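Residue 106 in UniProt numbering sits at position 106 of the sequence shown, with consecutive numbering throughout.
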Amino acid sequence: MAAVVVVLLAVFGYWLATGPLGSAPTGGATATGAPGSAGADPGAGSADATDVARGATVEVPATAPPNQDTDGNMVRYEGRNMLDGVPTTCWRMAGDGTGRTITFKLAQPTRLTSVGLINGYAKSATDGAGHELDWYHGDRRVLSVEWSFDDGSKLTQDLGDTRDMQTVDLDHPVTTSTVQLHLVKVSAPGHGPAARDYTPISDVTLLGTPG
Numbered sequence: 001m002a003a004v005v006v007v008l009l010a011v012f013g014y015w016l017a018t019g020p021l022g023s024a025p026t027g028g029a030t031a032t033g034a035p036g037s038a039g040a041d042p043g044a045g046s047a048d049a050t051d052v053a054r055g056a057t058v059e060v061p062a063t064a065p066p067n068q069d070t071d072g073n074m075v076r077y078e079g080r081n082m083l084d085g086v087p088t089t090c091w092r093m094a095g096d097g098t099g100r101t102i103t104f105k106l107a108q109p110t111r112l113t114s115v116g117l118i119n120g121y122a123k124s125a126t127d128g129a130g131h132e133l134d135w136y137h138g139d140r141r142v143l144s145v146e147w148s149f150d151d152g153s154k155l156t157q158d159l160g161d162t163r164d165m166q167t168v169d170l171d172h173p174v175t176t177s178t179v180q181l182h183l184v185k186v187s188a189p190g191h192g193p194a195a196r197d198y199t200p201i202s203d204v205t206l207l208g209t210p211g
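Have a look at this one:
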C-alpha cells in the first residue's frame, strides 16, 4: 500500500511540474521581450540627452548697451546670457528684432530632439518708490520663431505669454553643429514705468545627444 502511495505522489508531482500551472513562468518570460525588440520602450536612450546650449557659442545681430539696475548694479545684455541657464539674465537688442537671426554653434555635432527659449526678459524689480517693474511685459516679447539646422530642415514655434521656458520637439531628430534662430514676429513694447523698446531673450535650450 505504501508503495502505491509513493507512486501516486510521484505522478502528481510530475503533473504539477509539466501541466498548466508549471507553464506560466515560460509564457511570462517570452512576453517580456529583449531590449531593443519591437516591444521595447521607444523613448529608450533619451536619458542620454543633455542641454548642449550650455556649451555652445552664439552670434547675435546686435547688443543693447549695458545699464544700471534699480539697485545700482551694472547689467550687461550679451548673447552668452541666453546660454547660462539663468532666466533673470538676458540678451537684448534695441528696437524691434523682427527679421533678425541668432546663430548658435555647438561644441560638437549633436542629435537634437528638442529646442526652446524664454521669449522675453523674465525679471522683475522694485523701483525707489516701491513700485514693481515687470520687465517681461515692459520690454518687447518674441511671439514666433523659426529654428533651422545644418540639413536645411526648419521648425516654426509660436510662443505664449509666459516667463517659463517654452520648448518644442522636433518631428524627427536631426544631427547638426549649428542652430539658427530666426525672429519671425516680435510684440510692441509694453506700457507703464517698465516699458522699454528692446527685444530680449532670457534663455535658450537645445536638447540632444552629442557625438
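Don't be surprised by glycine CBs; every beta carbon is placed ideally from N, CA and C.
All of these numbers come straight from a predicted model, not from anything done at the bench.
Have a look at residue i and residue j and give me their C-alpha separation to the nearest angstrom.
i	j	result
D197	D139	6 Å
V142	V184	8 Å
S124	Y136	7 Å
D151	V115	16 Å
G36	T175	With a pLDDT of only 28 at G36, under 50, the local geometry of the prediction cannot be trusted, and the value read off the model is given with reservation. Cα to Cα, G36 sits roughly 22 Å from T175.
P189	A107	35 Å
Q68	M82	19 Å
P65	F149	30 Å
H182	G99	7 Å
W147	G72	37 Å
V204	P210	17 Å
H131	S144	31 Å
M165	T178	21 Å
T156	L206	15 Å
D158	M74	32 Å
V60	G79	6 Å
G97	P173	28 Å
T199	P87	15 Å
Sort out for me which residues DSSP pairs residue i with in a bridge.
i	result
N81	In DSSP, N81 forms no bridge with anything.
V52	In the DSSP output, where bridge partners are listed per residue, V52 has none listed.
T178	K105
V75	N67
V186	V142
A94	Y198
V86	Note: V86 sits in no beta bridge, so no partner.
G208	T50, L112
V60	DSSP lists no partner for V60.
How should residue i be labelled, buried or exposed, when 16 other C-beta atoms within 10 angstroms of its C-beta is the threshold for buried?
i	result
T32	Unreliable placement is indicated for T32, whose pLDDT of 24 sits below 50; no coordinate value is reported for it.
A129	exposed
R163	buried
T126	exposed
V58	buried
N119	buried
S23	Residue placement at S23 is flagged as unreliable, the pLDDT there being 34, under the threshold of 50; a coordinate-derived value is accordingly withheld.
R92	buried
T70	exposed
Check each candidate in the options and name the one with the smallest Cα separation from residue i.
i	options	result
I102	D69, A56, M165, L133	A56
T50	T110, D134, F149	T110
D169	K154, D161, H182	K154
A195	G95, P87, E59, R80	G95
V186	P87, D161, T70	D161
L117	A53, T156, T167	T167
G85	T63, R76, V52	V52
A62	Y77, R54, D48	Y77
D171	C90, P200, L112	L112
Y121	D48, C90, G192, Q180	C90
K105	D48, D134, Q180	Q180
Is residue i near the ligand ATP - that is, is its Cβ less than 7 Å away from at least one heavy atom of it?
i	result
V174	The model depicted lacks the ligand ATP and carries no ligand whatsoever.
Residue ranges of each alpha helix (DSSP H) within the region 100-174, 4 or longer: Taking only runs of at least 4 residues, the alpha helix (DSSP H) segments lying wholly in the region 100-174 are 135-138.
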